[in-house]
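Here is the structure we will look at, set down as structure tokens.
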Amino acid sequence: PAQGRRQSAGGEVASRGGGVDLKFSEDRFLQRILLEAQRGAQDASVQRLEAMGFGAEIAKVALHVSRGNEKRAAELCMSGFTFMGPGAITAAVCGGGGIDTPLAG
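Numbering (the working numbering), first residue to last: 4 to 108.
Shown next, in the form of structure tokens:
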């Protein structure tokens, strides 16, 4: 190893003087690389969900909760929709009208 450096079981340790040692962790490095790669894939998923009309923050939360499953994230996003306005419809209520029955307003 170079002067001021020594090997340890977990990687190379660099002594910086003043009582501070720096240790390189390959596991930590690789974990960060994988997270960045997933972020790139998630960015594309966020863009596709945005193209469907969902806001970026809503899409990011849905993707996080669905652990990156884009189809499930879209389902979660759609669960927030409600029908509103004079053309809104409701399914049969108390055995009454069909799905073409307007909501009382």
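The beta carbon of each residue, even a glycine, is placed where N, CA and C say it ideally should be.
| query | result |
| --- | --- |
| Report, in whole angstroms, the separation of the C-beta atoms of Gly79 and Ala59, which I expect to be a contact under 8 Å. | Position check: residue 79 holds Leu in this sequence, whereas Gly was assumed. About 15 Å separates the two Cβ atoms, so there is no contact after all. |
| Between Ala44 and Leu52, which are expected to be in contact by the criterion C-beta below 8 Å, what is the C-beta distance as a whole number of angstroms? | Not really, about 13 Å apart at Cβ, beyond 8 Å. |
| Express the C-alpha separation of Gly71 and Ser48 in angstroms, rounding to a whole number. | 8 Å |
| Using the Cα positions of Arg31 and Met87, report the straight-line distance between them to the nearest angstrom. | 49 Å |
| With a threshold of 8 Å on Cβ separation, who are the neighbours of Ala107 within its own chain once the five nearest residues in sequence on each side are excluded? | With a pLDDT of 47 at Ala107, under the threshold of 50, the predicted position of this residue should be treated as unreliable, and no value is reported. |
| Measure the Cβ-Cβ separation of Met55 and Ala40 and say whether it is below 9 Å. | no |
| Can you say whether Phe84 is buried or exposed, counting buried as having 16 or more other CB atoms within 10 angstroms of its CB? | exposed |
| Do you know how far the Cα of Phe27 is from the Cα of Gln34? | 13 Å |
| How far does the alpha helix (DSSP H) with Phe57 in it extend, from its first residue to its last? | Run containing Phe57: none; DSSP gives neither H nor E here. |
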